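Residue numbers (the working numbering), protein chains in the order written: chain A, 1 to 135; chain B, 1001 to 1135. Each residue gets a CB set at the ideal place from its N, CA and C atoms; glycine is no exception. Small disclaimer: the values here were computed from a predicted structure and weren't measured. Reviewing the structure listed below.
Protein chains: 2
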Amino acid sequence: MMKIGELAALAKVSRDTLRFYEKHGLITPGLRSEAGYRLYSETDVRRIGFIIGAKEVGFTLNEIHQLLELEVTKDEKSCHDIKHFVDAKITIVNQRLAEIKRIKKSLQTLSDACCGGDEPATHCTILEALSEQTN
Amino acid sequence: MMKIGELAALAKVSRDTLRFYEKHGLITPGLRSEAGYRLYSETDVRRIGFIIGAKEVGFTLNEIHQLLELEVTKDEKSCHDIKHFVDAKITIVNQRLAEIKRIKKSLQTLSDACCGGDEPATHCTILEALSEQTN
DNA sequence: TATAACCCTAGAGTGCAGTCTAAGGTCAAT
DNA sequence: ATTGACCTTAGACTGCACTCTAGGGTTATA
């Protein structure tokens, strides 16, 4: 069990951010010490790791909230809804994957065109690098 | 050459967004019609396509601005700086790529655990799905 | 020729995601 | 016992990326 400052340092976010996430339901208010200090578990650490990762790839806190609330159980009723929601998210994720691969390739083209040795550096911009990608 | 409304419809953004991007230097103010209407070229279309794609995968407008300004020329002096900047960006892009793959896998695990047929739907959350990923 | 559907500007307003401030309580070390 | 580093709350403030409003001009169609 760690205090907010420790978790903040570990996750490289501010204490305020962690309280903000709690206030907005991304991390459930858990244990408190005698003095009222928040105490975080290993699960909380993984949870905020997920939040940060998801944020980095362009999910909003709202979307992350929905992702974290997803839970497959034996409840037949909700199972269909979950499947639907998850598959919709997978589609979005696949689009992002494709987009980021495009960007990576164009950055790579740019990097390769640059100082590659003695051959003359060709004139090249991101947009030109992007256009060259025929796939 | 198309007017702002056409480009907005094509790129699925608002006219205001396009004017906003211009004001912030993401698209250079180009040709104007006799009446002062903005006129956009094919290059502008590709440009805003790039902006939108980059935004979707989590780049800020500021970062996108920097990416768009990158240009490899024969100027030896700036070449080193460009290489450095681009390679730093590639590192970030690679991290995002890894992160989005992680998220995709966990969503897939979640989807697979759900309504897979007659086998009992195992209890599964995003965090558990993430933990299962040993790679 | 007038009506709708477009375009312009400057500037105000909005929602998201924090970030900071004030005023105070707790804990470990000198 | 007091100093400093930590923790608490509520609420104000900030920066980003739009989004809207007001007040006006233009262009195509009935």
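(message) Is there a Cβ of chain A sitting closer than 8 Å to that of Ile1126(B), yes or no?
(response) Walking along the second sequence from the start, residue 1126(B) turns up at place 126. Chain A contact via Cβ: present.
(request) Could you tell me whether any Cβ in chain A is nearer than 8 Å to the Cβ of Ile1051(B)? (result) For the purposes of this step, residue 1051(B) is taken as the residue at position 51 of the second sequence. So, not an interface residue.
(request) Kindly indicate which three-state DSSP category Glu1056(B) falls into: helix, strand or coil? (result) The residue given as residue 1056(B) occupies position 56 in the second sequence. In this structure, DSSP gives Glu1056(B) a helical state, which the three-state scheme calls helix.
(request) Report, in whole angstroms, the separation of the C-beta atoms of Ser1106(B) and Leu1130(B), which I expect to be a contact under 8 Å. (result) Within the second sequence, numbered from 1, the residue matching residue 1106(B) stands at position 106. Within the second sequence, numbered from 1, the residue matching residue 1130(B) stands at position 130. The pair is a contact, with the Cβ atoms about 5 Å apart (cut-off 8 Å).
(message) Using only the alpha-carbon positions, how far apart do Ala1026(B) and Glu1071(B) sit?
(response) Position 26 of the second sequence holds residue 1026(B). Position 71 of the second sequence holds residue 1071(B). In the sequence as displayed, the identity of residue 1026(B) is Leu instead of Ala. For Leu1026(B) and Glu1071(B), the distance between alpha carbons rounds to 15 Å.
(request) Return helix, strand or coil for Glu99(A), following the three-state DSSP convention. (result) One-based indexing of the first sequence puts residue 99(A) at position 99. The answer is helix: DSSP assigns Glu99(A) an H, G or I state.
(request) Compare the C-beta of Ala1008(B) with all C-beta atoms of chain A and state if any pair is closer than 8 Å. (result) As a first step, residue 1008(B) is located in the second sequence; it is residue number 8 there, counting from the start. Chain A, which has no Cβ nearer than 8 Å to the Cβ of Ala1008(B), makes this no.
(request) Would you mind reading off the limits of the alpha helix (DSSP H) that contains Gly30(A)? (result) In the first sequence, counting from the first residue as 1, residue 30(A) sits at position 30. Here Gly30(A) belongs to no alpha helix (DSSP H), and DSSP marks it neither H nor E.
(request) Could you pull out every residue in the same chain whose Cβ sits closer than 6 Å to the Cβ of Met2(A), ignoring the five residues on either side in sequence? (result) Within the first sequence, numbered from 1, the residue matching residue 2(A) stands at position 2. Here the set comprises Tyr40.
(message) So if DSSP puts Thr125(A) in a beta bridge, which residue, or which two residues, is it bridged to?
(response) On the first sequence, position 125 is the one that residue 125(A) refers to. In DSSP, Thr125(A) forms a bridge with Glu1071(B).
(request) Check whether the Cβ atoms of Leu68(A) and Ile1126(B) lie closer than 8 Å to each other. (result) Counting from 1 along the first sequence, the entry for residue 68(A) is found at position 68. Counting from 1 along the second sequence, the entry for residue 1126(B) is found at position 126. For Leu68(A) and Ile1126(B), yes; Cβs fall inside 8 Å.
(message) Within 10 Å of its beta-carbon, does Lys77(A) have 16 or more other beta-carbons around it, so buried, or fewer, so exposed?
(response) Walking along the first sequence from the start, residue 77(A) turns up at place 77. So Lys77(A) ends up on the exposed side.
(message) So Gly58(A) contacts chain B; which residues on that side make the cut at Cβ distance below 9 Å?
(response) As a first step, residue 58(A) is located in the first sequence; it is residue number 58 there, counting from the start. Lys1055, Glu1056, Val1057, Gly1058, Phe1059, Arg1096, Ile1100, listed in chain order.
(message) If I measure Cβ to Cβ from Gln133(A) and keep anything under 6 Å in the same chain, skipping five residues before and after, which residues do I get?
(response) For the purposes of this step, residue 133(A) is taken as the residue at position 133 of the first sequence. Lys105.
(request) Kindly indicate the opening and closing residues of the alpha helix (DSSP H) around Glu1006(B). (result) Reading the second sequence from its first residue, position 6 is the one you call residue 1006(B). Glu1006(B) -> alpha helix (DSSP H) spans 1004–1011.
(request) Look at the alpha carbon of Glu56(A) and the alpha carbon of Gly1058(B), and state the distance between them as a whole number of angstroms. (result) Position 56 of the first sequence, counted from the first residue, corresponds to residue 56(A). Position 58 of the second sequence, counted from the first residue, corresponds to residue 1058(B). Approximately 6 Å, taken between the alpha carbons.
(message) Output needed for Ile48(A): all residues of its chain with C-beta closer than 6 Å, excluding positions within five of it in sequence on either side, in chain order.
(response) Taking the first residue of the first sequence as 1, we reach residue 48(A) at position 48. Cβ within range, chain order: Ala11.
(message) Helix, strand or coil, according to DSSP, for Tyr1037(B) in the structure here?
(response) Locating residue 1037(B) in the second sequence gives position 37, counting from the first residue. Coil, per DSSP.
(message) If you reduce the DSSP assignment to three classes, tell me which class Glu1132(B) lands in.
(response) Here residue 1132(B) corresponds to residue number 132 of the second sequence, with the count starting at 1. DSSP places Glu1132(B) in coil when its eight states are reduced to three.
(request) Going by CA-CA distance only, name the one from Ala1008(B), Asn1094(B), Ile1082(B), Asn1062(B) that's closest to Arg1046(B). (result) Here the question's residue 1046(B) lines up with position 46 in the second sequence. With distances taken between Cα atoms, Arg1046(B) lies closest to Ala1008(B).
(message) Can you confirm whether Leu1026(B), when its beta carbon is compared against all beta carbons of chain A, has any partner nearer than 8 Å?
(response) Residue 1026(B) sits at position 26 when you count from the first residue of the second sequence. No - not a single Cβ of chain A is within 8 Å of the one on Leu1026(B).
(request) Use the C-beta contact count for Arg1032(B): other C-beta atoms within 10 angstroms, 16 or more gives buried, fewer gives exposed. (result) Here residue 1032(B) is taken as the residue at index 32 of the second sequence, counted from 1. Flag for Arg1032(B) reads exposed.
(message) Between Leu1107(B) and chain A, is the shortest Cβ-Cβ distance under 8 Å, so that the two count as touching?
(response) The residue labelled residue 1107(B) in the question sits at position 107 within the second sequence. Chain A, which has a Cβ nearer than 8 Å to the Cβ of Leu1107(B), makes this yes.
(message) So that I know if they touch, is there some Cβ in chain A lying closer than 8 Å to that of Leu1110(B)?
(response) Taking the second sequence and counting its residues from 1, one reaches residue 1110(B) at position 110. It does; some Cβ of chain A falls within 8 Å.
(request) Evaluate Lys1089(B) with the Cβ neighbour count: other Cβ atoms within 10 Å of its Cβ, from every protein chain shown; 16 or more gives buried, anything less gives exposed. (result) One-based indexing of the second sequence puts residue 1089(B) at position 89. Flag for Lys1089(B) reads buried.
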